[in-house]
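S.K.: Per my numbering, residue 1290 is the first one in the sequence shown, and the count goes up by one each step. All C-beta atoms in this analysis are idealised placements derived from N, C-alpha and C, irrespective of residue type, glycine included. Everything numeric in this text was worked out from a predicted model, so none of it was measured.
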Amino acid sequence: MKVLKKVKSIEVKRAFIVSDFISAKKDRRKHLNFVPENIFKQKLKRAHKKAMRLKESQLDKIIENEYKKRLVAYNNNNWYLGEVKTNEIGVWKRAGDLPLSWTNGSLVETARKVKYAIEHNPKLLKKRSRYSIPNMLKMNIHLLQKEKYLLPIIFKGGTGTKGRKRLKRQMKGDIDDGCMRSIALAISGKKILYVYIGFPKK
């Protein structure tokens, strides 16, 4: 992992909220369908505008209502914009309803299994992973590293929300938000990702 510059925690919270607004639960079924790039950009613009209007206390409330532990973790970390290799970070346990064994290793290993399933047996993929990853590959993969509020959010391995707790392999970084995006990026050939990295405050 390589740290590039320090950022304020509100930037990380905005990134989480923008992603959350784009894939709002009430619109989750639609979100799984293919969305043309121009429509996605419109949704991104609306989500960005909405998030920027909110004070940090309002962002905190939204995050807390969804998962209180995440808010505590975000506030207890120092945040940086950084670069990570796809072979040194891992996704949440069973991210996107993937089989447990597929999420035990590194992001690049998970992506390799998902890519094989997409090409040879899509029925192996369930729910979000079956639809969102192929759709990103078709539509907005080139946007995912250009828009700062679409960058994945990761914690130093074994810290933060501990989404990889009890998995056999401990990675240098654990993806907290953006697992599906990260898998899609790795499938597309990305070996280094721009991300937000959280390190516990001393």
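What's the gap between the Cα of residue 1467 and the Cα of residue 1365?
M.R.: In the sequence shown, the residue the question calls residue 1467 occupies position 178. In the sequence shown, the residue the question calls residue 1365 occupies position 76. Cα to Cα, the separation comes out at about 20 Å.
S.K.: Can you give the Cα-Cα distance for residue 1348 and residue 1442, rounded to whole angstroms?
M.R.: Taking the sequence shown and counting its residues from 1, one reaches residue 1348 at position 59. Taking the sequence shown and counting its residues from 1, one reaches residue 1442 at position 153. Looking at the two C-alpha atoms, the distance is approximately 16 Å.
S.K.: Going by CA-CA distance only, name the one from 1292, 1325, 1351 and 1419 that's closest to residue 1299.
M.R.: In the sequence shown, the residue the question calls residue 1299 occupies position 10. Cα-wise, what sits closest to residue 1299 is 1351.
S.K.: Tell me whether the segment 1378-1385 and the segment 1439-1456 touch, counting them as touching only if at least three CB pairs, one residue from each stretch, are closer than 8 Å.
M.R.: Yes, they touch.
S.K.: Residues in the same chain with beta-carbon distance under 6 Å from residue 1434, minus the five sequence neighbours each way, listed in chain order, please.
M.R.: Taking the sequence shown and counting its residues from 1, one reaches residue 1434 at position 145. Answer for residue 1434: 1483, listed in chain order.
S.K.: Could you check what DSSP says for residue 1437 in three-state terms: helix, strand or coil?
M.R.: Here the question's residue 1437 lines up with position 148 in the sequence shown. Residue state, collapsed to three classes: helix.
S.K.: Assuming contact is defined by CB atoms lying nearer than 7 Å, are residue 1485 and residue 1361 in contact in what I supplied?
M.R.: Residue 1485 sits at position 196 when you count from the first residue of the sequence shown. Residue 1361 sits at position 72 when you count from the first residue of the sequence shown. Against a cut-off of 7 Å, the Cβ pair of residue 1361 and residue 1485 comes out as no contact.
S.K.: Check for me: the beta strand (DSSP E) holding residue 1451 runs from which residue to which?
M.R.: Along the sequence shown, read from residue 1 onward, the residue named residue 1451 stands at position 162. Careful: residue 1451 lies outside any beta strand (DSSP E) and carries neither H nor E.
S.K.: What would DSSP say about residue 1319, mapped onto helix, strand or coil?
M.R.: The count along the sequence shown starts at 1 and reaches residue 1319 at position 30. Any reading at residue 1319 needs caution, since the residue's pLDDT is 48, under 50, leaving its predicted position unreliable; the model's value is listed next. The answer is helix: DSSP assigns residue 1319 an H, G or I state.
S.K.: Quick one: residues in its chain with C-beta nearer than 7 Å to the C-beta of residue 1358, no 5 flanking neighbours on either side, listed in chain order?
M.R.: As a first step, residue 1358 must be located in the sequence shown, where it is residue number 69. Contacts found: 1450.
S.K.: Tell me the DSSP secondary structure of residue 1374 in three-state form.
M.R.: On the sequence shown, residue 1374 is found 85 positions in, with the first residue counted as 1. Reduced to three states, the DSSP call for residue 1374 is strand.
S.K.: What residue from 1392, 1417, 1427 and 1306 has the CA that sits closest to residue 1255's CA?
M.R.: The requested residue 1255 does not occur in the structure, where the chain is confined to residues 1290 to 1491.
S.K.: For residue 1293, which three-state DSSP category applies?
M.R.: As a working note, residue 1293 is residue 4 in the sequence shown. The answer is strand: DSSP assigns residue 1293 an E or B state.
S.K.: Rounded to whole angstroms, what is the Cα-Cα separation between residue 1446 and residue 1469?
M.R.: The residue you call residue 1446 lines up with position 157 of the sequence shown. The residue you call residue 1469 lines up with position 180 of the sequence shown. Computed Cα separation, rounded: 18 Å.
S.K.: Are the beta-carbon atoms of residue 1307 and residue 1368 separated by less than 7 Å?
M.R.: One-based indexing of the sequence shown puts residue 1307 at position 18. One-based indexing of the sequence shown puts residue 1368 at position 79. Cβ distance not < 7 Å, so residue 1307 and residue 1368 don't count as in contact.
S.K.: Cα separation between residue 1325 and residue 1342?
M.R.: Taking the sequence shown and counting its residues from 1, the one referred to as residue 1325 is at position 36. Taking the sequence shown and counting its residues from 1, the one referred to as residue 1342 is at position 53. About 26 Å.
S.K.: If you draw a straight line from the alpha carbon of residue 1494 to that of residue 1432, how long is it in whole angstroms?
M.R.: The structure shown has nothing for residue 1494, since the chain only spans 1290 to 1491.
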